[in-house]
Each structure stands twice: as structure tokens, then as C-alpha cells.
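S.K.:
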């Protein structure tokens with residue numbers, strides 16, 4: 099299933115991750131899984147939830163996502179009063195089934211079954227149970243003791259497997275997992291009382307990684323075709339066989355590919371030409387019809403329809419390259435700015451996205467993101483950089499690290515020229531040279547967002563109070579540029595405030611992250627994307643020679659996490675201010691958080707005290 103395939107704009111909206119919610123309204127969350135002698139899996143989930151106030155009523159909105167290849171049965175669903183007396187049972191006519199449209203998807207064929215269990219009398223309880231039946235699956239169980247990120251009073255898992263059914267498992271070290279074999283049945287159990295969902299904290303591992311989990315996969319399985327999790331190589335063999343013959347094109351499409359590149363001799367130029375063709379003639383959608391969404395649609399499907407999901411578009415790009423004699427590899431990866439690391443000694447499905455790896459004859463490698471018509475050629479960016487991709491190459495399949503972004507590749511430069519006018523307002527000229535996250539954000543917006551939305555996003559990014567933007571010009575743009583440049587002209591409100599006999603300007607505009615204090619911090623530090631920002635400002639004053647200007651001292655703060663500097667200079671032209679901030683990628687233990695906090699806090703304290711004084 100493709101959970102993440104489009105880049106940036108909607109990601110910025112969706113990245114506000116909910117921390118633990120509620121005070122344990124989920125009273126019971128039981129999961130029972132049974133594998134029968136034929137290998138069919140039945141998963142029964144039972145929930146008992148107490149809803150105390152109207153604000154908690156979202157828990158009464160039940161939505162169960164499932165595949166068309168799974169059979170879903172609602173065993174029972176009811177509303178109870180606080181004493182446990184049943185006051186309403188769910189009726190069949192109140193159950194709704196529709197397509198599950200994930201955010202950013204043009205279409206998705208996964209199903210969602212929904213029903214409501216509301217009551218007007220608080221507190222009340224809801225209890226329901228559903229069962230999923232499936233004959234083909236890759237996970238016996240992937241379980242966490244929380245429901246919809248709510249704290250849970252009691253959660254349990256029970257898995258029963260027949261004699262001879264082999265499996266491997268992993269679980270977080272905080273869980274106590276029982277295993278016994280009795281009367282020909284292997285039973286795995288786990289129970290957790292008073293589970294609290296980890297709180298979201300800035301610069302920390304993702305909540306999925308921090309949460310308790312138990313994962314069980316079968317040693318051998320049949321999902322479309324037979325496969326094994328004995329090793330990454332065997333898992334790759336299964337994926338290759340599942341996708342066999344999907345990278346074939348029609349004769350007309352093969353001719354089109356040759357017409358595009360005939361006469362070209364440079365390998366990279368040929369790949370980029372075909373990649374641009376993909377970008378210009380296909381659209382990303384989110385579909386997962388075939389074999390539960392793990393088998394790719396064939397390249398001919400994309401050629402005929404002009405759209406596909408990340409699997410299909412990657413297969414189509416692979417086919418275009420194949421027909422002109424260039425080998426490439428379908429690669430599964432966990433996408434997102436804060437990815438869950440691959441458990442390398444546990445071969446299993448650990449991805450949510452597919453990209454393409456193209457090895458070059460000179461030993462270099464091209465990586466292609468095939469779902470975006472906005473990203474440059476051979477650009478993975480913040481979404482898939484610096485993590486393991488599972489590169490499918492039959493029995494030579496392996497985990498390969500994607501390229502890492504360095505600070506110079508994510509640098510955001512802003513140059514401000516401010517002219518104090520006679521009426522007290524300021525004329526402002528702004529030059530932007532953006533890379534990394536900001537580049538991806540504005541590149542996506544330029545193509546997919548309205549002009550008013552783009553202007554609003556730019557004002558938020560510049561962060562000048564009451565900026566009246568008169569012009570916004572794209573200064574430099576090429577489809578394969580890894581940066582974007584803008585020039586902005588406008589007016590802003592007076593930047594000078596009176597303090598006693600002085601006029602005061604606060605010139606430092608870079609936003610420095612704020613983190614919770616060490617005494618409230620729970621998680622270690624993880625910085626997945628480097629930060630490199632630089633502002634340069636020139637303040638022009640009328641009759642500068644008649645004014646007495648007092649500048650702050652320059653500052654340089656260095657630590658193992660990064661650096662900050664600010665320099666103030668006076669010239670006949672005006673006051674020059676340079677401010678630069680860097681943050682390095684890395685993992686650091688919780689014991690170092692106080693040092694990290696102090697580094698950022700020192701910067702904030704300096705910025706608060708750094709003002710230009712004019713007498």
C-alpha cells in the first residue's frame with residue numbers, strides 16, 4: 099500500500115503528528131489471530147471504549163480500513179450506558195462502505211467501513227468487534243497496544259498457529275511476550291496494562307519507532323506467488339517473481355522511447371530524457387487492487403491510461419529504460435522526512451514507497467522518484483535521502499543506502515535590502531536562493547497551488563510583519579535545478595521602535611527551533627535532515643552620517659550539533675547584518691539533550707539581546 103508518494107506541500111500540512119490523547123478512554127483493546135490448517139488467517143478485534151465528554155466523541159466514529167481481498171464482518175457493535183446496560187445496537191443499514199481516499203491521492207481503491215455509535219448522555223461506552231478473513235498475507239501480526247494513538251487501559255494480543263507453522267518475530271524490549279506449544283498449537287500472547295502513547299517531541303525518532311510493537315511474519319508464505327522471509331535475498335526473489343513480466347511495453351511505446359533517445363550517446367542524458375517523458379505524460383494515483391497492492395500494475399497499463407501508483411510508475415520507468423538497453427532496479431523504501439529505520443536482521447515488509455535505482459556504467463548511481471512531476475532528475479531530496487532501500491534483483495536483492503543530503507545541498511539563502519523612506523515605511527528588496535525543504539515546498543506549490551496560495555506561503559516564509567508584496571518574480575528556474583530563486587519587491591511597516599532616547603531595530607530574522615526543556619524531555623535526539631540557513635541584510639538610512647549607530651558584538655556559537663554566527667558591520671552604504679545557522683544530522687542519546695537544549699537556548703538569548711541602536 100502506498101502511504102506516501104507526493105512531496106512536500108501536503109506533507110507540511112500533515113506533519114503535525116498527534117501525541118498521546120485522552121485519559122485512557124480505551125478500556126479494552128483485544129486482538130485475536132488464528133491461522134487455520136489451510137493457512138487462512140482470521141483476525142478478530144474487540145474494543146471497549148468509554149466516552150466521557152462531547153470532545154471525546156470522535157472515538158464513537160468508527161472507521162475500519164481494509165483491502166478488497168480481505169473479508170470484513172462486523173460481529174457486533176453497541177452503545178452502553180455507564181453501568182454497562184445496552185441502550186442501542188448497530189443496525190446493518192447504518193454501516194457505510196466506501197473507497198478510502200488517502201490525503202493527496204487522486205484515487206484509491208482500498209475500502210473503508212464506517213459507522214457511528216453516538217449517544218447524547220455522558221459518560222457512555224461503546225463496544226464492537228470485527229473479524230477480517232484473508233487467505234494471503236505477509237504479516238501474521240503487526241501489533242501495538244494502542245488504538246488510534248489513544249492511551250489504552252488494557253490491550254492484549256493472542257496468536258494461534260498450527261503445528262509446523264514456522265515464523266520469525268521481533269518485539270520492542272519493553273514487551274513481555276509469552277510463547278507455548280500445546281496440543282499441536284503454538285500460542286503467542288502479550289498483554290499490556292496502562293499503555294501510554296509516546297508524546298511527540300521535536301528532533302526525536304518517529305512515534306512509530308518509539309511505540310511498543312510485536313511483529314510476526316511467516317517463514318514461508320503464498321502471496322500471489324510463493325515466497326520466503328528466510329533472507330532479504332529470498333524476499334527479493336518473491337517480489338521479482340510477483341512483478342515478473344510487468345516491465346513490458348507495447349510496440350508503439352517502445353518506438354516512442356527510441357524516437358526520444360535515438361542519436362543520444364550519453365547514458366545520463368538518455369535516462370533524463372525518458373524520465374522527463376514520464377513526468378510529462380503520467381499522473382500519480384494511489385491504487386492497490388492487484389494482490390493487495392504489492393504487485394505492480396504492468397507498464398502497458400500506465401502507457402494506456404497515463405496514470406499509476408508508485409509501483410506502476412516505477413515499473414513503467416523501468417520498462418522505458420529496459421527497451422533502450424539500460425538496466426534498472428525496482429527499490430522499496432520507507433519514505434518520509436522522519437523515517438522508521440529498517441530492522442536489517444529481520445527480513446520483512448518495511449517500506450511504504452517504491453523508487454528506481456539505475457546503476458551507471460561508470461560506477462555511479464541515479465535514483466529516480468517516479469511519482470512527482472515537480473522534482474528534478476536524479477533528486478530524492480528530504481523525502482527518501484539517507485536510508486536503506488530494498489533493491490530488488492532476484493536472488494541478489496539487497497539493502498542499499500540512498501545518498502545523504504549535506505548542509506550545502508539544503509542551504510536557504512535570503513538577502514534583504516531595506517530602504518527607510520521619508521514617510522517612515524520601508525521599501526524592501528528580497529532575493530531568495532532556496533534548496534532542500536524550502537525548495538521542494540515552493541517547487542511543488544508553483545505547479546500545483548493557486549497564485550494566492552503561493553503568495554500566502556511566501557509571506558509566511560519571509561515572515562515580515564504586514565509585508566505588502568508588489569512583485570514576486572521567479573529569477574532562475576530549470577526543471578532539473580535543485581534550487582529555486584525568487585526576487586520580491588514590496589513595502590513593510592516601520593522596523594524601528596522607540597526605547598528611551600534610542601530608535602531600536604531587531605535585525606535577526608532566522609527562525610531557530612525551540613525544544614522542550616531537559617526536565618520534560620523523554621526521547622533521544624534524531625536530526626534526519628541537515629539545516630543550513632543564511633540571511634544577509636542591508637539597512638539603508640536617510641542622513642546616515644548624522645546618526646549615531648551602536649551595533650551589537652558579533653557572535654559565534656559552536657557545538658557538536660551545529661553552529662550559529664551573526665556579524666554586524668557599518669559602512670557608508672548602511673548597516674550590514676549577516677546571520678547563519680547550521681544543524682547537523684545525527685542520533686544522540688537522551689543524556690546529551692541538555693547540551694542540545696543549551697546550544698539552541700544560547701542562540702535565542704543572543705538574538706533577543708542583539709538590537710541596532712540609533713541615536
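Numbering (our numbering), first residue to last: 99 to 713.
Glycine included, each C-beta is placed from N, C-alpha and C at the ideal position.
Quantities reported herein were computed from a predicted structural model and do not represent experimental measurements.
1) Residue 673 and residue 637 - do their beta-carbons sit closer together than 7 Å?
2) Could you tell me whether the Cβ atoms of residue 223 and residue 123 are closer together than 7 Å?
3) Just to check my reading of the structure: residue 309 and residue 295 have Cβ atoms closer than 8 Å, yes? What is that Cβ distance to the nearest angstrom?
4) Could you spell out the range, first to last residue, of the alpha helix (DSSP H) harbouring residue 720?
5) Are the Cβ atoms of residue 438 and residue 243 separated by less than 7 Å?
6) For the candidate residues 481, 492 and 330, whose alpha-carbon lies nearest to that of residue 340?
7) Give the straight-line distance between the Cα atoms of residue 423 and residue 277, rounded to the nearest whole angstrom.
8) What is the DSSP secondary structure of residue 680, counted as helix, strand or coil?
9) Assign residue 213 to one of three DSSP states: helix, strand, or coil.
10) Which of helix, strand or coil does DSSP assign to residue 119?
11) Which partner residues does residue 194 have in the DSSP bridge list?
12) Hey, residue 450 and residue 411: beta-carbon distance below 7 Å or not?
13) I need the straight-line Cα distance from residue 348 to residue 545, nearest angstrom please.
14) Output the distance between the C-alpha atoms of residue 253 and residue 416, rounded to the nearest integer angstrom.
15) By how many angstroms is the C-alpha of residue 285 removed from the C-alpha of residue 212?
16) When DSSP labels each residue in this structure, what does residue 205 get in the three-state scheme?
17) I'd like the list of long-range same chain contacts for residue 330, defined as Cβ closer than 8 Å, with 5 residues on each side in sequence excluded.
18) Please report the straight-line C-alpha distance between residue 289 and residue 428, rounded to a whole angstrom.
19) Compare the C-alpha of residue 194 against each of 458, 186 and 209 and name the closest.
20) From 269, 700, 576 and 247, pick the residue whose C-alpha is nearest to that of residue 297; which is it?
21) Decide if residue 279 is buried, meaning its Cβ has at least 16 other Cβ atoms within 10 Å, or exposed.
22) In chain order, what residues of the same chain have a beta carbon less than 6 Å from the beta carbon of residue 239, not counting five sequence neighbours either side?
23) For residue 430 versus residue 405, is the C-beta distance shorter than 7 Å?
24) Do the region 470–489 and the region 587–602 touch if we need at least three Cβ pairs shorter than 8 Å?
25) When you compare the region 700–713 with the region 646–656, are there three or more beta-carbon pairs, one atom per stretch, that lie closer than 8 Å?
26) Within its chain, find whatever has a CB closer than 8 Å to the CB of residue 458; leave out the 5 residues flanking it on each side and keep chain order.
27) Output yes or no for whether 7 Å exceeds the beta carbon distance between residue 188 and residue 171.
28) Hey, residue 694 and residue 627: beta-carbon distance below 7 Å or not?
29) By Cβ distance below 7 Å, which residues in the same chain neighbour residue 600 in space, the five residues on each side in sequence not counted?
30) Note down the Cα distance separating residue 588 from residue 523, rounded to an integer number of angstroms.
31) Whose C-beta lies closer than 7 Å to the C-beta of residue 177 among residues of the same chain, with five residues either side of it excluded?
32) CB-CB under 8 Å to residue 485, same chain, minus the five flanking residues each way: which ones, in chain order?
33) Using DSSP with H/G/I as helix, E/B as strand and the rest coil, what is residue 130?
34) Note down, in chain order, each residue of its chain lying with its Cβ closer than 6 Å to the Cβ of residue 685, except the 5 sequence neighbours on either side.
35) Rounded to whole angstroms, how far is the Cβ of residue 584 from the Cβ of residue 503, which I believe are closer than 8 Å?
36) I'd like the span of the alpha helix (DSSP H) that includes residue 488, first residue to last.
M.R.: On the basis of the coordinates in this document:
1) Reading the chain shown from its first residue, position 539 is the one you call residue 637. Reading the chain shown from its first residue, position 575 is the one you call residue 673. Yes, these two residues count as a Cβ contact at 7 Å.
2) Here residue 223 corresponds to residue number 125 of the chain shown, with the count starting at 1. Here residue 123 corresponds to residue number 25 of the chain shown, with the count starting at 1. Their beta carbons are not under 7 Å apart, which means residue 223 does not touch residue 123 by this criterion.
3) Looking up residue 309 in the chain shown gives position 211. Looking up residue 295 in the chain shown gives position 197. Yes, they are in contact, since the Cβ atoms of residue 309 and residue 295 sit about 7 Å apart, within 8 Å.
4) Only positions 99 to 713 of the chain appear in this structure, which leaves residue 720 out of reach.
5) Along the chain shown, one-based indexing puts residue 438 at 340. Along the chain shown, one-based indexing puts residue 243 at 145. Contact: no.
6) In the chain shown, counting from the first residue as 1, residue 340 sits at position 242. That would be 492, whose Cα lies nearest to the Cα of residue 340.
7) The residue you call residue 423 lines up with position 325 of the chain shown. The residue you call residue 277 lines up with position 179 of the chain shown. Straight-line Cα distance between these residues: approximately 52 Å.
8) Taking the first residue of the chain shown as position 1, residue 680 is located at position 582. Strand at residue 680.
9) The residue given as residue 213 occupies position 115 in the chain shown. Strand at residue 213.
10) What you label residue 119 is simply residue 21 of the chain shown in a count that begins at 1. Interpretation of residue 119 is limited by its pLDDT of 47, a score under 50 that renders its predicted location unreliable; the figure taken from the coordinates is listed afterwards. Strand.
11) Looking up residue 194 in the chain shown gives position 96. 212.
12) Position 352 of the chain shown, counted from the first residue, corresponds to residue 450. Position 313 of the chain shown, counted from the first residue, corresponds to residue 411. No, the Cβ-Cβ distance between residue 450 and residue 411 is not below 7 Å.
13) Residue 348 sits at position 250 when you count from the first residue of the chain shown. Residue 545 sits at position 447 when you count from the first residue of the chain shown. Each residue's alpha carbon lies about 31 Å from the other.
14) Reading the chain shown from its first residue, position 155 is the one you call residue 253. Reading the chain shown from its first residue, position 318 is the one you call residue 416. Going by the C-alpha atoms only, they are around 44 Å apart.
15) Counting from one through the chain shown, the residue named residue 212 turns up at place 114. Counting from one through the chain shown, the residue named residue 285 turns up at place 187. Going by the C-alpha atoms only, they are around 32 Å apart.
16) As a first step, residue 205 is located in the chain shown; it is residue number 107 there, counting from the start. For residue 205, the pLDDT reaches just 43, beneath the cut-off of 50, and the residue's location in the model is therefore unreliable, leaving the point undetermined.
17) Working through the chain shown from its first residue, we reach residue 330 at position 232. If we look at residue 330 and ignore the five residues flanking it on each side, its Cβ neighbours are 445, 488, 495, 496 and 497.
18) As a first step, residue 289 is located in the chain shown; it is residue number 191 there, counting from the start. As a first step, residue 428 is located in the chain shown; it is residue number 330 there, counting from the start. Their backbone Cα atoms lie some 39 Å apart in a straight line.
19) As a first step, residue 194 is located in the chain shown; it is residue number 96 there, counting from the start. Taking only the C-alpha atoms, the option nearest residue 194 is 209.
20) Working through the chain shown from its first residue, we reach residue 297 at position 199. For residue 297, the nearest C-alpha among the options comes from 247.
21) Within the chain shown, numbered from 1, the residue matching residue 279 stands at position 181. With fewer than 16 Cβ atoms within 10 Å of its Cβ, residue 279 is classed as exposed.
22) The count along the chain shown starts at 1 and reaches residue 239 at position 141. Excluding sequence neighbours, residue 239 sits near 131, 257 and 314.
23) Here residue 430 refers to the residue found at position 332 when the chain shown is read from its first residue. Here residue 405 refers to the residue found at position 307 when the chain shown is read from its first residue. Cβ distance not < 7 Å, so residue 430 and residue 405 don't count as in contact.
24) no
25) yes
26) Along the chain shown, one-based indexing puts residue 458 at 360. Around residue 458: 365, 366 and 464.
27) Position 90 of the chain shown, counted from the first residue, corresponds to residue 188. Position 73 of the chain shown, counted from the first residue, corresponds to residue 171. In this structure, residue 171 does not lie closer than 7 Å to residue 188 by Cβ.
28) As a working note, residue 694 is residue 596 in the chain shown. As a working note, residue 627 is residue 529 in the chain shown. Not a contact, by the Cβ cut-off of 7 Å.
29) Counting from one through the chain shown, the residue named residue 600 turns up at place 502. Within the same chain, residue 600 has close Cβ partners 711, 712 and 713.
30) Mapped onto the chain shown, residue 588 falls at position 490. Mapped onto the chain shown, residue 523 falls at position 425. Taking the straight line from one Cα to the other gives about 11 Å.
31) As a position in the chain shown, residue 177 is number 79, starting the count at 1. 185, 186, 215, 217, 222 and 224, listed in sequence order.
32) The residue labelled residue 485 in the question sits at position 387 within the chain shown. Correct list, in chain order: 431, 432, 437, 439, 440, 499 and 500.
33) Locating residue 130 in the chain shown gives position 32, counting from the first residue. The answer is strand: DSSP assigns residue 130 an E or B state.
34) For the purposes of this step, residue 685 is taken as residue 587 along the chain shown, with counting starting at 1. Here the set comprises 624.
35) As a position in the chain shown, residue 584 is number 486, starting the count at 1. As a position in the chain shown, residue 503 is number 405, starting the count at 1. The Cβ separation is near 21 Å, so there is no contact.
36) The residue given as residue 488 occupies position 390 in the chain shown. No alpha helix (DSSP H) holds residue 488; the beta strand (DSSP E) holding it covers 486–489.
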